[in-house]
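Numbering (this note's numbering), first residue to last: -6 to 282.
We put the beta carbon where it would ideally sit given N, CA and C, even for glycine.
See structure below.
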């Protein structure tokens, strides 16, 4: 098995990659697009890529809906960040709107996992007319638990090192996900490819992204998306994002709730459960919109 081994080699059907020219001279990015009705746009979690986060679910979704999967700015195959730019959730939200302009879509259902949740919320706030519904998975409106505060201090101290060394910071996602590499047979089989996806982000972006996530707080803006059909998928054993905070977000948004008995890495360790929940949430929003 070689380092070039990818999901397609294992029979995992992904929508084709397209080179998309973003408007206004923003640049180019590679985006997966499957045409279809009621399109769902997928926003991945911290320090990973859409292929890594959604490899199991893109195919089943594409059987029922249009699917768009983009990497966030500075991640994977997404729009680049210059050396002087810092990762910004707000900028990523505007990138989503620019992508819709580029591929000529008016409105989408947005599915945001972990870091993708704040990007989806901010997109809904800033571009309310472009979103038909919102699926929020393993995420929250704010990230300020005691462990978050400790991590924030440590990462701020780490940032200067991450900016100088590609080894510092890049190891964080590898350490987190390496422990689940054998959590599911396909995950183990695909690990040479999955591991390659984890090292596509510069360490500086990895650190800046989680620091921006720690600074994020959507609670003052809840009223701006009142009435938006929303489903919150709570990962009830999540050790990265407090399930209590996930449930609070659902309450504040008046969202439908689906709970799955899983940790933050469910998309790798129990993909059947994750796929079922995601497809069911998208079907629920198709009915609501």
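Residues that DSSP places opposite residue i in a beta bridge
i, result
"residue 12", "23"
"residue 63", "36"
"residue 127", "103 and 223"
"residue 43", "According to DSSP, which records beta bridges pairwise, residue 43 is partnered with nothing at all."
"residue 135", "210"
Cβ distance (whole Å) where residue i is taken to contact residue j below 8 Å
i, j, result
"residue 67", "residue 194", "7 Å"
"residue 262", "residue 126", "Between residue 126 and residue 262 the Cβ distance is about 27 Å, and since that is not below 8 Å, they are no contact."
"residue 206", "residue 73", "Contact flag wrong, Cβ pair sits at about 20 Å."
"residue 257", "residue 131", "5 Å"
"residue 33", "residue 10", "That belief does not hold up - the Cβ atoms of residue 33 and residue 10 are roughly 17 Å apart, past 8 Å."
"residue 113", "residue 92", "That belief does not hold up - the Cβ atoms of residue 113 and residue 92 are roughly 13 Å apart, past 8 Å."
"residue 249", "residue 279", "The Cβ separation is near 13 Å, so there is no contact."
"residue 224", "residue 251", "6 Å"
"residue 41", "residue 190", "7 Å"
Range of the contiguous beta strand (DSSP E) that encloses residue i
i, result
"residue 102", "101 to 106"
Buried/exposed call for residue i, threshold 16 Cβ in 10 Å
i, result
"residue 28", "exposed"
"residue 180", "buried"
"residue -5", "For residue -5, the pLDDT reaches just 43, beneath the cut-off of 50, and the residue's location in the model is therefore unreliable, although a value from the coordinates is still provided. Classification for residue -5: exposed."
"residue 12", "exposed"
"residue 85", "buried"
"residue 143", "exposed"
"residue 200", "buried"
"residue 115", "buried"
"residue 271", "buried"
"residue 197", "buried"
"residue 275", "buried"
"residue 139", "exposed"
"residue 122", "exposed"
"residue 167", "exposed"
"residue 104", "buried"
"residue 8", "buried"
"residue 18", "exposed"
"residue 229", "exposed"
"residue 265", "exposed"
"residue 213", "exposed"
"residue 245", "exposed"
"residue 97", "exposed"
"residue 178", "exposed"
"residue 222", "buried"
"residue 239", "buried"
"residue 237", "exposed"
"residue 219", "exposed"
"residue 208", "exposed"
"residue 146", "exposed"
"residue 69", "buried"
"residue 254", "exposed"
"residue 99", "exposed"
"residue 38", "buried"
"residue 216", "exposed"
Boundaries of the alpha helix (DSSP H) in which residue i is found, first to last residue
i, result
"residue 306", "The requested residue 306 does not occur in the structure, where the chain is confined to residues -6 to 282."
"residue 55", "51 to 55"
"residue 112", "109 to 119"
"residue 28", "Premise fails: residue 28 is in no alpha helix (DSSP H) and is neither H nor E."
"residue 175", "It is not in any alpha helix (DSSP H) - residue 175 carries neither H nor E in the DSSP assignment."
"residue 167", "164 to 171"
**Request:** Scan the segment 180 to 262 and note each continuous beta strand (DSSP E) run of 3 residues or more that stays entirely inside, going in chain order.
**Result:** 223 to 228 and 249 to 253
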